[in-house]
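Chains as they are written, first to last, in our numbering: chain A, 235 to 542; chain B, 235 to 542; chain C, 235 to 542; chain D, 235 to 542; chain E, 235 to 542; chain F, 235 to 542. Beta carbons: idealized from backbone N, C-alpha and C, even for Gly. A quick note: this is a predicted structure, and the numbers were derived from the prediction, not measured. Everything below concerns the one structure shown next.
Protein chains: 6
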Amino acid sequence: MTEPLVYLNGQMLPASQASLKIFDAGVVLGATVTEMTRTFRHQPFRLEDHVSRLFRSLRYTRMDIGMTPEQLVAMSRELLTHNAALIEGDDDLGLIHFVTAGEYGSYVATRGTKVRSGPTVCVHTFPLPFALWADRLQYGAHVVTPSIRHVPPQCYDPKMKNRSRMHYYLADQEARLVDPQAIALLLDLDGNVTETSGANFLIVERGTIVSPTLRNTLPGISRAVVIELAEKLGIPFVERDFQVFSVMNADEALLTSTPYGVCPVIRINGVSIGDGRTGPVTSRLMSAWNELAGFDVAAQFVARAEAK
Amino acid sequence: MTEPLVYLNGQMLPASQASLKIFDAGVVLGATVTEMTRTFRHQPFRLEDHVSRLFRSLRYTRMDIGMTPEQLVAMSRELLTHNAALIEGDDDLGLIHFVTAGEYGSYVATRGTKVRSGPTVCVHTFPLPFALWADRLQYGAHVVTPSIRHVPPQCYDPKMKNRSRMHYYLADQEARLVDPQAIALLLDLDGNVTETSGANFLIVERGTIVSPTLRNTLPGISRAVVIELAEKLGIPFVERDFQVFSVMNADEALLTSTPYGVCPVIRINGVSIGDGRTGPVTSRLMSAWNELAGFDVAAQFVARAEAK
Amino acid sequence: MTEPLVYLNGQMLPASQASLKIFDAGVVLGATVTEMTRTFRHQPFRLEDHVSRLFRSLRYTRMDIGMTPEQLVAMSRELLTHNAALIEGDDDLGLIHFVTAGEYGSYVATRGTKVRSGPTVCVHTFPLPFALWADRLQYGAHVVTPSIRHVPPQCYDPKMKNRSRMHYYLADQEARLVDPQAIALLLDLDGNVTETSGANFLIVERGTIVSPTLRNTLPGISRAVVIELAEKLGIPFVERDFQVFSVMNADEALLTSTPYGVCPVIRINGVSIGDGRTGPVTSRLMSAWNELAGFDVAAQFVARAEAK
Amino acid sequence: MTEPLVYLNGQMLPASQASLKIFDAGVVLGATVTEMTRTFRHQPFRLEDHVSRLFRSLRYTRMDIGMTPEQLVAMSRELLTHNAALIEGDDDLGLIHFVTAGEYGSYVATRGTKVRSGPTVCVHTFPLPFALWADRLQYGAHVVTPSIRHVPPQCYDPKMKNRSRMHYYLADQEARLVDPQAIALLLDLDGNVTETSGANFLIVERGTIVSPTLRNTLPGISRAVVIELAEKLGIPFVERDFQVFSVMNADEALLTSTPYGVCPVIRINGVSIGDGRTGPVTSRLMSAWNELAGFDVAAQFVARAEAK
Amino acid sequence: MTEPLVYLNGQMLPASQASLKIFDAGVVLGATVTEMTRTFRHQPFRLEDHVSRLFRSLRYTRMDIGMTPEQLVAMSRELLTHNAALIEGDDDLGLIHFVTAGEYGSYVATRGTKVRSGPTVCVHTFPLPFALWADRLQYGAHVVTPSIRHVPPQCYDPKMKNRSRMHYYLADQEARLVDPQAIALLLDLDGNVTETSGANFLIVERGTIVSPTLRNTLPGISRAVVIELAEKLGIPFVERDFQVFSVMNADEALLTSTPYGVCPVIRINGVSIGDGRTGPVTSRLMSAWNELAGFDVAAQFVARAEAK
Amino acid sequence: MTEPLVYLNGQMLPASQASLKIFDAGVVLGATVTEMTRTFRHQPFRLEDHVSRLFRSLRYTRMDIGMTPEQLVAMSRELLTHNAALIEGDDDLGLIHFVTAGEYGSYVATRGTKVRSGPTVCVHTFPLPFALWADRLQYGAHVVTPSIRHVPPQCYDPKMKNRSRMHYYLADQEARLVDPQAIALLLDLDGNVTETSGANFLIVERGTIVSPTLRNTLPGISRAVVIELAEKLGIPFVERDFQVFSVMNADEALLTSTPYGVCPVIRINGVSIGDGRTGPVTSRLMSAWNELAGFDVAAQFVARAEAK
């Protein structure tokens, strides 16, 4: 079969047939938890860590998928093996897990019994967004702090990777008013820097990497890799609340996320960070990441973006 | 054709074939705005008001569906005519509109061009949740204030009817720990009463209906109907921030929402409201609503619930 | 004498000689309260109201200028008579009052005794900013909500017209990133709409003018005129907290401030308000204002802007 | 020339001629960033650090003064050399840098073109406030927490040393109601201790110096010196949010600021801290500071205060 | 019997024998709700209203005292009849009701069974604090806003008259640092004016009485009387959040509470309100109150204070 | 004498005679600070630490009891010696200190002079609540986060052990709606986990004990013991704000408090923590505590609970 497979509620389906009922809780409420993993040379990177975090989100939402983490990892690897065989050698895949609260009882579209189903479980792959990040990886990204604020943990906790993300959608729209390439960097209700819609955000001050505290941010798997790499490279890493002032006056800033690992940020709200170019700490982290990956990740983005 | 129809992105489909791509922004981000209308004797109630509010939500999210409100109303009526013909005379339908931000560019599941689609527009019907509300309409509902708080408008505005509702899901879970029939009544970040996951909440104090302010609540269409009915009945209606203390000491409390119109609330956090029975103002509102509907709505819920 | 006069601490000086010591509290701390009045046909408009508000600010800051409101009005009129004689008949003047906490004792720039002076009192005129507003009055202004928030009253009360306005400066910079002509519309710490750096902001909903509450906004003299005019015109005027959602979905929006009276606002964060043109209520208010002024104010702005 | 010089926008002027136009943004908006350095034996202390912090404030406000830090340091030293020659050997000077957003376009006091000027840059000296602090250095200061709260960083960041300080002015007035010598110790919006209008505030608990976090406080240069001295003396230094309870129960409390270095605090809200006298850690810091200065700083304050 | 009686848990005791066990929840937790009524010419004023409010507090705390409001009123009148017979004709009494959560199970001081008792119910009289208020009623009170804030309703609702009032105690201590006669006027967490430890606070603006909203204040019985009197006198009464700025600039300010009815406030934080004397609206309210009482209440305070 | 003694204001009384006047500030206002110590084999544990913390609370409330900590310790030991002689060898006692603001002047119940008394000082013993905790110590406790929030330090500081605890009372009532054995775990106004009404709350993450910061929690003496024991056992201990998400996903959770030392927590809001059983770190801490106590504390609870 030449089409990627999708796992959906116990079945392996061709991607073109995978879809959610319009009365699924994932559609109706955004009551969905999720994970995104990527491959390096067709091998998933930190898959166990992603699955483990998914189970933390499941516990928070009290959803039970009837599988152990080990079973989910095994099944995901199988799926990846199949789907990766369909792409070129220098290409890679994103792997998505998502679990919704299931078919929403009171919205059944056909007349029948009102039994509430269990969670909807889906695992699928997707092409990595090479074109979206190729330029940013080479030249640095621009972040903008919108007036929209991040949802605080007493509403629902950002430490759960979830899909009730209307604020991300609105925030990115505001950021793009400033610059079509800009990415929203959300502040929390107290004006502390949190994260972007797709990445953890870090700054570098006098050689130390500084991260927002985890109160209003996802404990990113890529962020955890950065911590490991920093330790290996002898770069101190600390957590602290900080605000826009500190970003503007940082020596460097960077994003860390699954698709690309590490991406330099060179501007915030139109103001250059440092000298407006990829800084030395960021470069070292990117190189170290490339070693983990086994190839130059940014170069892959550029090459694949051009290939399309 | 004996199956209900669903409108999806320009097409009328049999309900069994209507589904969302797994990389639709409605699935991926909960970036979805929505409306729910119901029929009385197969005629939609306040359809124009619902569509008009949908367009306010669309403006807030900067989505353009390429239709005027009038066109959407007309198409919805057509759909309803078809679908209502499939049900019994004393049955009624719910009508859902929802619009998502469209297929999410960077998550395309098959390899192809990255063109971002326009919004996903869907209109469908569903059986009303008679069984869910039959008892509550007869005997009164129990609300519980969970520790989970409502999302504030500086994150995304609850005046937009949207589907990033993970907090609703979590809040209702907490409420059900107290009582499996309980409904979560969300407080805002300052401890003011807001709304439930599906209805506006009102109290009655010395003959006056008191509503939370609209800061953290949906300006409900049913709530607007209550305002009209109250005016007709000579019952004062005011808006004011209030807290749990005032609910516990109210003479009556009620929910107002599309499926049932008005439903008495007789308990909060285990404490009886008034004498723990449907109060006189609530009864008058229910009667007046029945006149609008042309039949006894609560009785329909009871009858249809038993029919299943 | 052909130069405008400035009143400074008891003296009438030629404008070119009026300046503040670098160790004045107005320079060192921004500990300054102020007022701006304008003339219509060389006569000051609501001068008594402005002076009266200045005295409320003085009481809040515990400054005593050793003059009664009546004395300050009389002196201001004298100054205006002199300065207005220097301009053309179709031109008008702005009149500024400001009072600082006086020379700051511990920062004396020359060696001497440390006696703290009384407040610094200054009254001066300035050319109205015709060029800045001519286009906005004709075609409508664009407001943008920046990430910078308004200072809350528990820090220092925005009901005092003061000059510790670093947040205005920063907010307008953020707004201009979106559009060089945009004006910052500041939100308060809870995400409620407040005011711009120079004007009160109002919206029109179904024929009613809606104003933010006065918690985080200046009780503008022009706003008070709008209330009077609205009453005369039979347009309801209410105060209520509202958020960006309501501005986006308002029928009209407008600014009201001393230099121009009323100015239409046609866009917020890139989204059109109403149909994106000056609305009927705004037009009626502008006309009514013109009657008060005795001429077409917007036309004056356009004419004088071109004259320069 | 026997008068001190002031640098103002490219010119060296006699102090008596240095003043700001009344329509300068520093006067009109408090849109001013600043620094204060002092001399020890006529040599500036940590001048480079102060200038470096000034440039961080400039970046935050997007002001460009057209000079490098090095150029500003060199010019400041020149100015100091001239001005210090006018004072006695045991006297010292304060050195002020301030930059405003420049002449405010729309407030031009004479009729002319509306070109917005660049920033206003001023460097000047002033006599140190010996009399103000002599007693406090000997016997300890009294701090009072007023009801006025510190401006939070989402309005404008206290990490920028700025002159929109109306809240300082109001807070000190409230403190002086309790005791004419009292200094306001501002709380943030959450009730955490921040700083006074002129100094960082520190407490000592069981031998450890505890500082508020930097969220709502200036990262003081003197505070940085205290950190250095503490390290040298083997005294632990930590940052942590704390509240009035912890100040009342601290073993010692102290202020650290440019004019005097370190000053003991012996009372808060009328309650003695420790035994109400200068504590051992404070004494050691004062002694260590004296070594840096090359003389007894507190003694200089007492002697010079009496000399006047 | 010449000693006043106290009702305690079903018994009438001589006052000297009335006391609470040291392990009563009222002692251990401050878990107590309360009311204070006073007599005019030995007749209780609005006793039914006070008892009715007590029952609202009981409902909020889920305490059941096993009596109806009518029974409690009857018993209270009996007690009053007995106790009032012991005082002079021109003297009056305060009447206290309080209910605690009862003996706290786990703190039993003697070894025995751990049965939790029902609530502790106590009704007693006390001499009115004439000396405390005589001067304030004649010359006006001074209020001070301390740094201590009022407890918000999401912790426990100030609409319940309760005895967990450590913040009152602390706030009054801060106020007395400014002036030994000063009364603390508590701000809420947002800086809005709320109430004093013993009274509702009102201001008068251009002939209208303005009250804080009820979010953070007790719905006072005396305040309700003021509303009645204002209506009778044709004085408008509105509710609105306001801050210190508005108090400083009010025409008048006043306290309203059970012991004295209405008391003028002439100063806040050292600043005069209006002309610093009892204003005309306050005077009219005091006169109208005297009519209700049947005598001059302030004069009673002065006379009785001198009598002691 | 076979009755326990109580120290009350300078006197040693039989417990049955110890009570508070109904107009004591501890009854009227909850203006009370307190401590609870327990004995191990009839010897008080960390009595000096408890008394020392009491004196910190006294300083915060400005109460002066006219005794040194040493005198209070000595007197408390005397009292204990007497009272412990009355119980069995395997039984133990709780020891309470509490100090109220004294008899409340204006509420004097008999007619007399209005002299305000000094603080009320009371020391007494009580039987430990063995029955209440026996099951929890064996099988683990269930905590529930109620909608009621902890009082923030800007109202009155939870670092002072005090008795204005109406929120504890209300919070525990809400928790018991979920499960009659559940204990309320209070969140602060920002949704951070704080403490229960009687204990500090800790979690274990990957071998590290994590405590909430001290902003909104009591610096518990038992918590300090846990820190000591953890150090001895080589278990890292850190302070950090955390939320419900982290509790649900912790490996273990525990309470620490005077009566029992350490108690496992196995459920939060109905969700199991870890595998729902006492975890290894908790077990090690309990064992180490038993070594300090000289016997198995949990076993004592079980044995004594059964004995009753």
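Nearest CB-CB separation between A:Gly425 and chain D: below the 7 Å threshold. Distance between B:Ala458 and B:Val427, taken at the CA atoms: about 18 Å. Neighbourhood of E:Thr295 in chain F, by CB distance below 9 Å: Met400, Tyr403, Leu404 and Gln407, in chain order.
Secondary structure of D:Pro498 (DSSP, three-state): strand. Under the three-pair Cβ rule at 8 Å, the segment 474 to 489 of chain E counts as touching the segment 435 to 448 of chain E. Neighbourhood of E:Asp475 in chain C, by CB distance below 8 Å: Thr447 and Arg449, in chain order. With its beta carbon less than 7 Å from one in chain A, C:Gly504 belongs to the interface. The beta carbon of B:Arg410 sits closer than 7 Å to the beta carbons of Ala416 from its chain, once the five residues preceding and following it are set aside; these are given in chain order. In the displayed model, B:Arg383 falls within a strand according to three-state DSSP. For the C-beta of F:Leu436, not a single chain A residue is nearer than 7 Å; the gap to the nearest is close to 18 Å. For A:Gly328, the closest alpha carbon among the candidates A:Met297, A:Ala318, A:Gly300 and A:Pro361 is that of A:Pro361.
At least one CB atom of chain E sits nearer than 7 Å to the CB of B:Phe479. The segment 497 to 513 of chain B and the segment 366 to 376 of chain B touch, with no fewer than 3 CB-CB distances between them shorter than 8 Å. Per DSSP, B:Glu525 is one residue of the alpha helix (DSSP H) stretching across Pro514 to Ala527.
In the same chain as B:Glu237, and ignoring 5 residues on each side of it, the C-beta atoms closer than 7 Å to its own belong to Pro248, Ala249 and Ser250, in chain order. Counting every other CB atom within 10 Å of its CB across the protein chains shown gives E:Arg449 a total of 16 or more, marking it as buried.
Closest in alpha carbon position to C:Ile330, among C:Asn317, C:Gly468 and C:Asp369, is C:Asn317. Among the CB atoms of chain C, one or more fall inside 7 Å of the CB of D:Tyr390. Look at A:Thr379: its C-beta is under 7 Å from a C-beta on chain C.
For A:Arg474, no beta strand (DSSP E) run applies, since DSSP gives it neither H nor E. Taking a beta-carbon distance threshold of 7 Å, C:Pro387 counts as an interface residue toward chain E. Measuring C-alpha to C-alpha distances from E:Ser506 to each of E:Glu486, E:Gly495, E:Cys497 and E:Ser491 identifies E:Glu486 as the nearest. Assigned with DSSP and collapsed to three states, A:Ala375 falls in strand. Per DSSP, E:Ala416 is not a residue of any alpha helix (DSSP H), being assigned neither H nor E. Under the three-state reduction of DSSP, D:Ala533 is assigned to helix. DSSP lists B:Ser253 as the beta-bridge partner residues of A:Lys255. At a beta-carbon threshold of 7 Å, the residues of chain F lying near E:Ser253 are Ser253, Leu254, Lys255 and Ile256, ordered along the chain. Between the segment 263 to 283 of chain F and the segment 271 to 278 of chain E there are fewer than three inter-stretch CB-CB distances shorter than 8 Å, so the stretches are not counted as touching. Note: D:Val357 is bridge-paired with D:Tyr241 and D:His331 in the DSSP secondary-structure output. For C:Leu314, the enclosing alpha helix (DSSP H) starts and ends at Pro303 to Ala318. Under DSSP, A:Arg272 forms a beta bridge with A:Gly328.
Taking the beta carbon of D:Lys393 as reference, the chain A residues within 9 Å of it are Gln477, Phe479, Ser480 and Asn483, listed in sequence order.
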